[in-house]
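2 protein chains.
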Amino acid sequence: MKVGVLGGGQLGRMLALAGYPLGVHVRCLDALTDAPAGALCELVVGDYADAVTLARFAEGVAVITYEFENVPVTTARQLAEFCPVYPPPLALEKAQDRLVEKSFLRELAIPTPPFLAVESRADLDEALTQIGLPAVLKTRRLGYDGKGQAVLRQPQDRETAWASLQGSPLILEGWVNFDRELSLLAVRSTTGEIAFYPLVANEHRDGILRISRAPAPNLTPALQALAEAYAQRILDALQYVGVLAIEFFQVGQMLLANEMAPRVHNSGHWTIEGAVTSQFANHLCAILGLPLGDTAAIGQSVMLNLIGTLPDRVAVLAVPGAHLHLYDKAPRPGRKLGHITLRADEAQTLEARLVQLQKLIDPSAPA
Amino acid sequence: MKVGVLGGGQLGRMLALAGYPLGVHVRCLDALTDAPAGALCELVVGDYADAVTLARFAEGVAVITYEFENVPVTTARQLAEFCPVYPPPLALEKAQDRLVEKSFLRELAIPTPPFLAVESRADLDEALTQIGLPAVLKTRRLGYDGKGQAVLRQPQDRETAWASLQGSPLILEGWVNFDRELSLLAVRSTTGEIAFYPLVANEHRDGILRISRAPAPNLTPALQALAEAYAQRILDALQYVGVLAIEFFQVGQMLLANEMAPRVHNSGHWTIEGAVTSQFANHLCAILGLPLGDTAAIGQSVMLNLIGTLPDRVAVLAVPGAHLHLYDKAPRPGRKLGHITLRADEAQTLEARLVQLQKLIDPSAPA
C-alpha cells in the first residue's frame with residue numbers, strides 16, 4: 023500500500039520510517055534531489071505546479087498527504103482527482119493565511135489574541151489604535167520559524183515594521199503576555215475516530231522551536247479538556263483527517279489559539295519514544311482509516327531541536343535515555359538538522375540529564 | 023556513515039530502520055532481488071562466494087555485520103580485508119556447528135544438555151547408551167526453526183531418525199525436561215562496553231518461535247545474574263562485538279545453554295517498543311563504537327510472530343498497545359511474515375489483550 027507525501031523533508035522521512043512496519047510505503051514529492059526522505063523511500067523530484075509531475079507522483083498511491091502547510095491549494099485540489107487527499111485541502115486554505123486562520127478560529131468561538139487585517143499604512147495606524155502596544159505585525163502568508171514578523175513595542179517601531187513588511191497582505195496581532203506556549207496534537211481518522219496527545223510545553227528562541235516538554239509540566243485535566251474541546255471544534259468544522267497541531271498561548275487557565283498546522287508537527291517528535299504510538303504512525307493510520315494507536319505518554323519526555331550545527335554524537339548517546347534523530351541535512355545556520363528526545367520515567371531524572379544534554383547542544387546558550 | 027549487512031531479510035530491514043535516525047545507512051547483500059530490506063535501503067544482489075560481489079558490497083562501508091549465522095566463514099574472513107567485520111568471524115565458527123558450539127560452551131564451564139558427536143550408526147548406538155532416552159538427533163550444521171532434528175523417545179525411533187538425517191555430521195543431545203526456554207540478549211561494543219537485556223521467556227511450536235515474554239515472568243535477580251555471568255564468559259572468550267543471543271533451558275534455578283546466535287535475534291524484537299533502546303540500535307552502536315543505549319524494559323511486552331499467514335491489520339491495530347511489524351514478504355506456510363509487540367505497563371492488562379490478539383493470529387490454535 024502506497025501513500026503519497028507532498029514534501030520530502032524530515033517530516034516526510036519520519037512518516038516513511040513509521041510506514042514500513044505497518045506495510046505502508048511512502049512516495050515523496052520534492053523539488054530537491056537530496057530531500058532527506060529520499061534516502062529511505064521513493065522520491066519523485068519535480069515541481070508542485072507541473073501537471074505531469076503530479077500525475078506521476080499520484081500514480082498507484084492509495085491516498086495523498088503533505089508534510090508542510092504551504093502546498094498550493096490548487097495542487098491539493100488537482101491531486102484530489104486521482105485519490106483522496108488528507109488532511110482536506112480546506113484545512114490548507116484555513117492554515118495558509120493568518121487572517122483566514124484567526125477568523126476561522128473566532129467563528130468557532132475559540133479565543134485568539136486580538137487581530138486586525140492590515141492592507142495599508144492607514145490600516146496599520148488604525149489597528150494600532152484599536153489593539154494597542156505591544157503588537158506583532160505579520161505577513162498573512164508563508165511565515166514560519168519567526169520569519170515575516172516584526173514586533174512593535176513603541177510607537178516609532180511602526181515605521182521600521184511597515185518598511186520591512188509592506189507589499190504583502192499583513193495582519194496586526196495584539197501581543198500576549200503569556201505564561202507559556204503549549205501545543206496540542208489531535209488526530210482524526212477517516213472513520214471519525216479521534217485521539218488527542220497530552221499538551222506539550224514549547225520554548226522558542228529566535229522564532230524557532232528549541233524545546234518541547236511532554237506532557238507539559240503541571241498539566242491539569244481541566245486545561246487538557248479545554249484544549250481538546252477547542253481542537254474538537256476544528257476537527258468537526260473541517261471534517262478533518264490526519265494529525266492536526268494547534269499552538270496555544272496559556273494565560274492563567276485560559277488558552278488563546280495562536281496558529282494551527284494541518285500536519286505532523288515538530289512539537290510532536292517526542293511521541294516516537296515518549297508516547298505509546300508516534301504521531302507519524304497515527305497520521306498514517308488516520309488517513310488510511312486504520313484504528314488509531316494509543317496516544318498516552320510513557321513517562322516524561324523533552325524534545326530538543328538541533329539547529330544549525332550538530333553536537334558530538336558520542337557525547338549525546340552517552341546521556342542515558344537520549345534518542346538521537348538525524349535528518350541527513352547539510353549544516354547551515356538556523357536549519358533544523360535533527361532532534362533528540364530525552365525520555366525518563368521520572369521528571370526529576372529527566373531534568374538532571376537535560377542539563378547535561380543542553381551543554382552539548384548549544385554551549386554558547388545562556389544557562 | 024555506511025554499514026554493510028550480509029543478508030537482507032527482516033533483521034537487515036530492522037537494522038536499516040534503526041540506522042537512519044542515528045545517521046547510519048545500511049547496505050545489504052542478499053541473493054534475492056526482493057529481499058525485505060531492499061524496500062528501504064541499498065541492496066546489492068549477488069552471491070556471498072563471489073569476490074567481485076563482495077568487493078562491490080564492501081566498498082565505502084565503515085564496518086560489516088551479518089543478520090544470520092550461516093554466512094560462510096570464508097566470506098567473513100575475506101571481507102575482513104576491506105574493513106572490520108563484527109561480530110568476529112570466530113563467533114560464526116563457534117555458532118555454525120552444534121558440536122563446536124556445545125564444546126565451546128563446555129570449555130567455558132557453561133552447563134549444557136549432555137551431547138555426543140555422531141558420525142556413524144555405531145556412534146549413535148553408543149551415544150544413546152551413554153545419554154539415554156529421550157534424546158534429540160540433530161545435524162551439526164544449517165539447522166534452524168526445528169529443521170534437521172529428530173526426537174528419539176523409544177529405542178525403535180533410532181531407525182527412522184538415522185534414516186532421515188544420516189549423511190550429515192550429527193550430534194545427539196540429551197532431552198532436557200525443562201521448565202521453560204529463556205533467552206538472553208547481550209551486547210558488547212568495540213570499546214568493551216557491555217549491556218544485557220532482561221531474560222525473555224520463549225514459546226516454540228513446531229520448532230518455530232511463537233511468543234516471547236519480556237521480561238520473563240517471575241524473573242529473579244539471581245537468575246538474571248546467572249545468565250549474565252555465562253554470557254560474559256562468551257563475550258570475553260570471543261572478544262565479541264555486537265548483539266549476541268543465547269538460548270537457555272531453565273530447570274529449577276539452573277540454566278543450560280542450548281545455542282547461541284551471533285546477531286540480532288527474533289526473541290529481541292520486543293525491544294523496539296518494550297525497551298529503552300532496541301536491539302537493532304544497540305547492535306549498530308556496538309559495531310560502530312558508539313555508547314550503548316539503556317537496555318531496561320519499559321513495562322511488560324509480549325512479542326508474537328506472524329507465521330505463514332497474516333491476521334487482519336485493522337483488527338490487530340484495534341488492540342490497545344499492539345504494534346504491528348510487517349516484513350513485506352509473500353505468505354508461505356512456516357514463513358515469518360511479521361511480528362506484533364504488545365506492550366503494557368501492567369502484566370495483568372497485557373494478558374487480557376494477549377488473549378484477544380492470539381484469537382486474531384491463529385484462530386485454529388488450541389486455547
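Chains A and B, in that order, are what the protein sequence lines are.
My numbering numbers the first residue of the first sequence as 23 and each following residue consecutively.
My numbering numbers the first residue of the second sequence as 23 and each following residue consecutively.
For glycine and all other residues, C-beta sits at the position ideal for the given N, C-alpha and C.
Which of helix, strand or coil DSSP assigns to residue i
i        : result
B/Lys169 : coil
B/Ile233 : strand
B/Ala344 : strand
A/His291 : coil
A/Val93  : coil
B/Lys358 : strand
B/Gln322 : strand
A/Arg99  : helix
B/Asp56  : coil
A/Leu332 : coil
B/Gly264 : strand
A/Asn327 : strand
A/Ile193 : strand
B/Thr182 : helix
A/Thr371 : helix
B/Ala389 : Bear in mind that the predicted position of B/Ala389 carries a pLDDT of just 36, short of 50, making it unreliable; the figure below should be weighed with that in mind. Note: B/Ala389 maps to coil in three-state DSSP.
B/Leu312 : coil
B/Val198 : coil
B/Arg391 : Examination of residue 391 of chain B is not possible in this model, given that chain B is present from 23 through 389 alone.
B/Ile391 : The question about residue 391 of chain B has no answer here: the residues shown for chain B are numbered 23 through 389.
A/Arg175 : coil
Beta-carbon contacts of residue i that lie in its chain and below 6 Å, excluding the five residues immediately before and after
i        : result
A/Asn288 : Leu231
B/Gly68  : Thr75
A/Pro21  : Absent from the structure is residue 21 of chain A, since the part of chain A shown begins at 23 and ends at 389.
B/His341 : Just to set this straight, residue 341 of chain B is Val in the shown sequence, not His. Taken in chain order, the residues that qualify are Arg375, Gln378 and Leu379.
A/Leu348 : Gly360
B/Glu195 : Pro135, Phe137 and Val158
A/Ala38  : Val48, Ala59, Leu62 and Cys63
A/Arg235 : Ala223 and Val324
Residue from the options whose Cα sits closest to the Cα of residue i
i        : options                                   : result
A/Ala98  : A/Asp350, A/Gly26 and A/Lys169            : A/Gly26
B/Val107 : B/His305, B/Ala149 and B/Phe271           : B/His305
B/Ile216 : B/Thr317, B/Gly290 and B/Met282           : B/Thr317
B/Phe104 : B/Thr134, B/Ser125, B/Ala80 and B/Leu121  : B/Ala80
A/Lys351 : A/Leu37, A/Gly45, A/Leu54 and A/Leu44     : A/Leu54
B/Leu101 : B/Ala71, B/Leu127, B/Glu123 and B/Lys116  : B/Ala71
B/Ala249 : B/Arg227, B/Glu225, B/Gly264 and B/Met282 : B/Met282
B/Gly330 : B/Leu241, B/Pro284, B/Asp228 and B/Ala77  : B/Asp228
B/Leu114 : B/Asp56, B/Phe90, B/Gly321 and B/Val66    : B/Phe90
A/Thr242 : A/Gln188, A/Tyr262, A/Leu277 and A/Thr212 : A/Leu277
B/Glu368 : B/Pro239, B/Ala247 and B/Ile362           : B/Pro239
Sheet register partners of residue i (DSSP bridge)
i        : result
B/Met276 : B/Val273
A/Asp10  : Summary: the structure shown does not reach residue 10 of chain A, with chain A confined to residues 23 through 389, and so no result is reported for it.
B/Ile153 : According to DSSP, B/Ile153 bridges with nothing at all.
B/Leu204 : B/Ala223 and B/Phe270
A/Lys381 : The partner list for A/Lys381 (beta bridge, DSSP) is empty, contrary to what the question assumes.
A/Ile86  : A/Gly26 and A/Val107
B/Cys50  : B/Val27 and B/Leu65
B/Ala139 : B/Ile193
Cβ neighbours of residue i in the same chain (closer than 8 Å, five flanking residues each side left out)
i        : result
B/Leu130 : Tyr252, Arg255, Ile256 and Ala259
B/Pro110 : Leu260, Gln261, Tyr262 and Val263
Same chain, Cβ closer than 7 Å to residue i, five either side skipped, listed in chain order
i        : result
A/Asn92  : Gln118 and Leu164
A/Ile383 : Leu326, Leu328 and Pro333
A/Gln272 : Phe200, Asp201, Arg202 and Leu204
B/Lys24  : His47, Arg49, Gly82, Val83 and Ala84
B/Pro388 : Note that B/Pro388 scores a pLDDT of 41, beneath 50, so its modelled location is shaky; the value from the coordinates is reported in the next line. Once the five neighbours on either side are set aside, B/Pro388 has no close Cβ partner at all.
B/Leu372 : Gln322, Val324, Leu364 and Ala366
A/Gly315 : Val298, Thr299, Ala303, Asn304 and Cys307
Chain-ordered chain B contacts of residue i [CB-CB under 7 Å]
i        : result
A/Pro342 : Asp316
Proximal chain A residues relative to residue i, where beta-carbon distance stays under 8 Å
i        : result
B/His347 : Pro43
B/Cys63  : Leu62
Beta-carbon neighbours of residue i, restricted to chain B and to distances below 9 Å
i        : result
A/Asp350 : Tyr42, Gly45 and His47
A/Leu39  : Leu39, Tyr42, Pro43 and Leu62
A/Val336 : Gly311, Leu312 and Pro313
Within chain A, the residues that residue i reaches when beta carbons sit closer than 7 Å
i        : result
B/Ile320 : Ile320
B/Cys307 : Leu339
B/Val298 : Gly343
Contact list for residue i against chain A, beta-carbon separation under 9 Å
i       : result
B/Val95 : Within 9 Å Cβ-Cβ: nothing; B/Val95 doesn't reach chain A, min ~32 Å.
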